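Numbering (the numbering used here), first residue to last: 45 to 158.
C-beta atoms are modelled at their ideal positions from N, C-alpha and C, and glycine is treated no differently.
As the structure is a prediction and not an experimental result, all values here were calculated from the model.
Let me begin by presenting the structure, written as structure tokens, before commenting on it.
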Amino acid sequence: MQDCLFCKIVAGEIPSQKLFQDDDITAFRDINPAAPKHILVIPNRHIASINEASEQDQSLLGKLLLVANQIAEQEGLAEEGFRYVINTGSNGGQTVFHLHLHILGGRQLGWPPG
Ligand code: AMP
Ligand code: ZN
Numbered sequence: 045m046q047d048c049l050f051c052k053i054v055a056g057e058i059p060s061q062k063l064f065q066d067d068d069i070t071a072f073r074d075i076n077p078a079a080p081k082h083i084l085v086i087p088n089r090h091i092a093s094i095n096e097a098s099e100q101d102q103s104l105l106g107k108l109l110l111v112a113n114q115i116a117e118q119e120g121l122a123e124e125g126f127r128y129v130i131n132t133g134s135n136g137g138q139t140v141f142h143l144h145l146h147i148l149g150g151r152q153l154g155w156p157p158g
């Protein structure tokens, strides 16, 4: 999609620190990390938010989680623990309207979130 920051990251038109990319999924480091490890995992295809996902995205969403697991393991987070977050819409604090899963780890995370 034109004018979507994360579509541009997928296409390599905006630089990012990519940790993973295949035909379906891209993972890259968050530019403004909220934890020592903060990675975003996204579908390459533009889906504005989890609200816009449909039944045809079932395997894509499953793969997104499994790629995230692989990255959590790679980043040394699997043992000590981590958090997945999908901010959605205005109350959810979503600022980029291309579906993304945050992986946060590397410190004790507070609960509930703000
Ligand atoms: P959200 O608030 O859930 O929509 O998260 C958007 C995330 O994208 C924030 O954590 C931002 O720091 C991150 N972000 C924004 N621009 C970039 C960029 N160019 N490269 C990497 N991460 C970004
Ligand atoms: Zn997009």
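Check                                                                                                                                                               : Outcome
Assign LEU109 to buried or exposed, taking buried as 16 or more other Cβ atoms, counted over all protein chains shown, within 10 Å of its Cβ.                       : exposed
Once the 5 residues before and after MET45 are set aside, which same chain residues still bring their CB inside 7 Å of it?                                          : CYS51 and HIS90
Out of PHE64, LEU153, ALA78 and GLY150, state which residue places its alpha-carbon closest to the alpha-carbon of ASN88.                                           : PHE64
For LEU145, I'd like the list of residues in its chain whose CB is within less than 8 Å of its CB, leaving aside the five on either flank, ordered along the chain. : LEU84, VAL85, ILE86, LEU108, LEU109, ALA112, TYR128, VAL129 and ILE130
Using DSSP's beta-bridge definition, name the partner residues of GLY149.                                                                                           : LYS81 and PHE126
Return the CA-CA distance between GLY150 and GLU123, expressed in angstroms with no decimal places.                                                                 : 11 Å
Name all residues in chain order for which at least one heavy atom of the ligand ZN lies closer than 6 Å to the residue's CB.                                       : MET45, CYS48, PHE50, CYS51, HIS90 and HIS142
Say the cut is 7 Å; is the CB of ASN135 nearer than that to a heavy atom of the ligand AMP?                                                                         : no
Quick check: the Cα distance between ASN76 and GLN138, rounded to an integer number of angstroms?                                                                   : 14 Å
Would the C-beta of LEU110 count as close to the ligand AMP, meaning under 7 Å from any of its heavy atoms?                                                         : no
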